[in-house]
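A.B. asks: So the sequence shown is residues 69 to 272, counted in this note's numbering.
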Amino acid sequence: MTEEKIIIDSGKIRLEGLLKILPGDRGVVVTHPHPLYGGDMNNNVVEAVCRAYQDKGYSTLRFNFRGVGQSEGGYDEGIGEQDDVEAALDYLSDLWKEGIDLAGYSFGSWVNALGINRYKKVKRVIMISPPVDLMDFSFLINNAKIRLVITGSEDEIADYRSIEERAPSWNSEAIFKVIKGADHFYSRSTGELQKTIDEFLEQD
């Protein structure tokens with residue numbers, strides 16, 4: 069998975085990212101888990117999502133939120149991070165990528181949800197292990213961009229029962245997948261996660 073190191077301007081803050089450009093106009097921006105708990109763009113789930121999209125011919129862009137790794141700034145409780153997502157989307161869009169998906173894992177899925185109505189360039193949203201019992205998702209109602217929601221049967225942070233209860237209010241037509249045996253870190257389940265995304269993308 070050869071990627072190019074890039075710099076993304078998010079206002080006055082410079083973010084580090086990794087970009088893989090493939091032919092065509094389809095792409096995805098992938099956001100990482102919680103910065104205060106070691107989350108970054110090199111996370112195994114983020115990498116699995118990128119591989120799945122690349123296998124289907126999508127360009128991929130993953131980046132470190134402000135204050136993570138070599139990205140400037142500091143943690144901003146999901147507020148400034150929305151600006152970071154929009155900057156990444158703009159970067160990919162400027163490369164003539166028009167059919168852009170937005171995929172987020174854990175904290176990343178929450179940030180994506182917070183800004184979903186401002187991300188005009190996004191075609192579809194994938195949510196992986198959204199921590200609905202720890203973070204507020206109550207604002208997320210009837211949004212057709214949400215197309216796939218994934219969690220694990222053993223995920224103690226993003227409990228599948230809680231997500232199953234809430235997901236229909238996000239988008240009643242979204243696909244909801246529970247990966248058997250997967251915990252929140254997908255430590256032994258990245259292959260199944262990638263397969264789930266592969267199957268979703270094959271429907272496109």
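Even for Gly, the Cβ is constructed at its ideal location relative to N, Cα and C.
Here's a check: name, in chain order, each residue in its chain whose Cβ is nearer than 6 angstroms to the Cβ of Val217, leaving out the five neighbours to either side.
C.D. replies: Here residue 217 refers to the residue found at position 149 when the sequence shown is read from its first residue. If we look at Val217 and ignore the five residues flanking it on each side, its Cβ neighbours are Met195, Ala235, Ala242, Phe244.
A.B. asks: If you count every other CB in all the chains shown that lies within 10 Å of the CB of Ala212, and 16 or more means buried, which is it?
C.D. replies: For this step, residue 212 is matched to residue 144 along the sequence shown. It counts as exposed.
A.B. asks: Excluding the five sequence neighbours on either side, which residues of its own chain have a C-beta within less than 6 angstroms of the C-beta of Gly141, listed in chain order?
C.D. replies: Against the sequence shown, residue 141 aligns to sequence position 73. So the list reads Ile81, Arg134, Gly135, once near-sequence residues are dropped.
A.B. asks: In whole angstroms, give me the CA-to-CA distance for Gly249 and Tyr173.
C.D. replies: Numbered from its first residue, the sequence shown carries residue 249 at position 181. Numbered from its first residue, the sequence shown carries residue 173 at position 105. Near 18 angstroms, if we compare the C-alpha coordinates of Tyr173 and Gly249.
A.B. asks: Locate the alpha helix (DSSP H) running through Tyr159, then write down its first and last residues.
C.D. replies: Translated into positions along the sequence shown, residue 159 becomes position 91. Looking at the DSSP string, the run of the alpha helix (DSSP H) that includes Tyr159 is 148 to 161.
A.B. asks: Note down, in chain order, each residue of its chain lying with its Cβ closer than 6 angstroms to the Cβ of Lys124, except the 5 sequence neighbours on either side.
C.D. replies: Counting from one through the sequence shown, the residue named residue 124 turns up at place 56. Leu269, listed in sequence order.
A.B. asks: CB Asp93 to CB Ala155, shorter than 8 angstroms?
C.D. replies: Walking along the sequence shown from the start, residue 93 turns up at place 25. Walking along the sequence shown from the start, residue 155 turns up at place 87. No; because the gap between Cβ atoms is not below 8 angstroms, this pair is not in contact.
A.B. asks: Pick out the complete beta strand (DSSP E) segments inside the segment 172 to 260, 3 residues or longer, and give them in chain order.
C.D. replies: Those beta strand (DSSP E) runs which fall completely within the segment 172 to 260 and span 3+ residues are 190 to 196, 214 to 220, 243 to 247.
A.B. asks: Assign Val114 to one of three DSSP states: helix, strand, or coil.
C.D. replies: For the purposes of this step, residue 114 is identified with residue 46 of the sequence shown, where counting begins at 1. It is helical.
A.B. asks: Helix, strand or coil for Lys88, going by three-state DSSP, please let me know.
C.D. replies: Counted from its first residue, the sequence shown places residue 88 at position 20. If DSSP states are grouped into helix, strand and coil, Lys88 belongs with the strands.
A.B. asks: Mapping the DSSP letters down to three states, classify Thr70 as helix, strand or coil.
C.D. replies: For the purposes of this step, residue 70 is taken as residue 2 along the sequence shown, with counting starting at 1. If DSSP states are grouped into helix, strand and coil, Thr70 belongs with coil.
A.B. asks: In terms of residues, what are the limits of the beta strand (DSSP E) holding Leu129?
C.D. replies: Along the sequence shown, one-based indexing puts residue 129 at 61. That run of the beta strand (DSSP E) goes 127 to 131.
A.B. asks: Roughly how many whole angstroms lie between the Cα atoms of Thr258 and Asp144?
C.D. replies: For this step, residue 258 is matched to residue 190 along the sequence shown. For this step, residue 144 is matched to residue 76 along the sequence shown. Rounded to the nearest angstrom, the two C-alpha atoms are 29 angstroms apart.
A.B. asks: Going straight from the alpha carbon of Ala116 to that of Gly176, what length do you get?
C.D. replies: One-based indexing of the sequence shown puts residue 116 at position 48. One-based indexing of the sequence shown puts residue 176 at position 108. Roughly 15 angstroms separates the two Cα atoms.
A.B. asks: Out of Ser206, Asn210, Pro198, Ser237, state which residue places its alpha-carbon closest to the alpha-carbon of Glu224.
C.D. replies: Walking along the sequence shown from the start, residue 224 turns up at place 156. Of the candidates Ser206, Asn210, Pro198, Ser237, the one whose C-alpha sits nearest the C-alpha of Glu224 is Pro198.
A.B. asks: For Val113 versus Arg130, is the C-beta distance shorter than 8 angstroms?
C.D. replies: Within the sequence shown, residue 113 is the residue found at index 45, counting from 1. Within the sequence shown, residue 130 is the residue found at index 62, counting from 1. No; because the gap between Cβ atoms is not below 8 angstroms, this pair is not in contact.
A.B. asks: For Asp151, which option in Ile184, Glu166, Ile168 has the closest C-alpha, if you only look at C-alpha atoms?
C.D. replies: Here residue 151 corresponds to residue number 83 of the sequence shown, with the count starting at 1. Minimum Cα distance to Asp151 is reached at Ile184.
A.B. asks: Where does Trp178 land, buried or exposed, given buried means 16+ other C-beta within 10 angstroms?
C.D. replies: For the purposes of this step, residue 178 is identified with residue 110 of the sequence shown, where counting begins at 1. Buried, because 16 or more other Cβ atoms sit within 10 Å of the Cβ of Trp178.
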